[in-house]
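Worksheet: one structure, shown below.
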Amino acid sequence: MKILVAEDPWRDLPPTARLVVESALLSFADRGFHATTLKHIAAGSGLSTAALYVHFSSKDDLLYDISRRGHESALSIVEKAAALEPADHAFRTLVYVFGRWHAERHTVARVVQYQLNALTGVQAEKIGGIRKRTEQAVRRAVAAVSAAGDDDIDLRGLSAAVISLGIDVARWYEPGGRYTPDEVGRLQCRLAARLVQLGSHPR
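Using our numbering, read the sequence shown as starting at 4 and increasing by one per residue.
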């Protein structure tokens with residue numbers, strides 16, 4: 004299986020801005036967006052509250068930046084996996100990297116997947132567009148390995164189930180626990196393969 008590794012979403016940020024992001028991530032993941040204050044973020048980054056505004060104009064913009072970069076990171080490896088050949092290899096690789104990403108970057112994933120409702124307006128629409136591209140890539144991969152021409156197959160439902168498997172990793176995964184990120188990815192492959200097989204042949 005080809006291992007696709009996502010790049011660091013914040014590789015272009017200066018060190019101080021990264022400290023702000025890391026502090027915000029931990030607080031958003033632990034407290035939730037609405038319960039997190041700028042004082043929490045400032046304390047975690049070792050900066051003053053005023054110094055935060057040098058890098059981000061508001062807490063909302065900080066969440067949006069995290070959400071955009073996190074979603075784009077996951078999308079990049081999903082689209083690369085979906086483009087592989089043959090179809091079964093593409094599907095298994097996609098499921099593997101998506102599950103592994105949610106384990107390796109579980110803190111980022113918890114924020115970008117479970118704080119979506121805190122985004123509003125144009126920012127919410129932009130993140131929704133990235134998520135739609137991810138869903139489309141997964142749906143193409145599922146369609147390619149499902150029984151061709153079978154009108155009984157609910158590709159949308161199967162794709163949503165496959166995506167949910169990966170997203171849920173962010174909720175339960177803990178470093179040093181029962182599974183390594185690699186084992187999570189491989190487990191996801193086995194589960195998704197059975198899911199698609201059963202979904203393609205409903206009783």
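Beta carbons: idealized from backbone N, C-alpha and C, even for Gly.
Unbroken alpha helix (DSSP H) run spanning residue i, endpoints
i	result
H105	A90 to E107
H43	L41 to S48
R181	R181 -> no alpha helix (DSSP H), and no H or E assigned at all.
E3	Absent from the structure is residue 3, since the part of the chain shown begins at 4 and ends at 206.
D210	Because the chain in this structure spans residues 4 to 206, residue 210 falls outside the shown range and cannot be described.
Neighbourhood of residue i by C-beta distance below 6 Å, restricted to the same chain and skipping five residues each side
i	result
I166	V141
Status (buried if at least 16 other CB within 10 Å, exposed otherwise) for residue i
i	result
G188	buried
S51	exposed
D15	exposed
G152	For G152, the pLDDT reaches just 44, beneath the cut-off of 50, and the residue's location in the model is therefore unreliable, leaving the point undetermined.
D68	buried
A84	buried
Where residue i falls: helix, strand or coil (DSSP)
i	result
P256	With the chain represented from 4 up to 206, any question about residue 256 goes unanswered, as that position is not in the structure.
F31	helix
S207	Look at the range of the chain in this structure, 4 to 206, and you will see that residue 207 is not part of it.
T123	coil
A147	helix
A140	helix
Y56	coil
A9	coil
A195	helix
Q200	helix
Cβ neighbours of residue i in the same chain (closer than 7 Å, five flanking residues each side left out)
i	result
C192	R95, V98 and Y99
F36	L66, Q118 and A121
Residues near residue i in its chain [Cβ-Cβ closer than 8 Å; skip 5 each side]
i	result
L2	Past the edges of the chain, shown from 4 to 206, lies residue 2, and the structure says nothing about it.
R174	R113 and Y117
Segment contact, 8 Å Cβ cut-off, at least three pairs: the stretch 71–82 with the stretch 40–51:
no
Would you check if the stretch 90–103 and the stretch 157–173 touch, i.e. whether three or more CB-CB distances between them fall below 8 Å?
yes
How do the stretch 11–27 and the stretch 55–75 stand: do at least 3 beta-carbon pairs fall below 8 Å, yes or no?
yes
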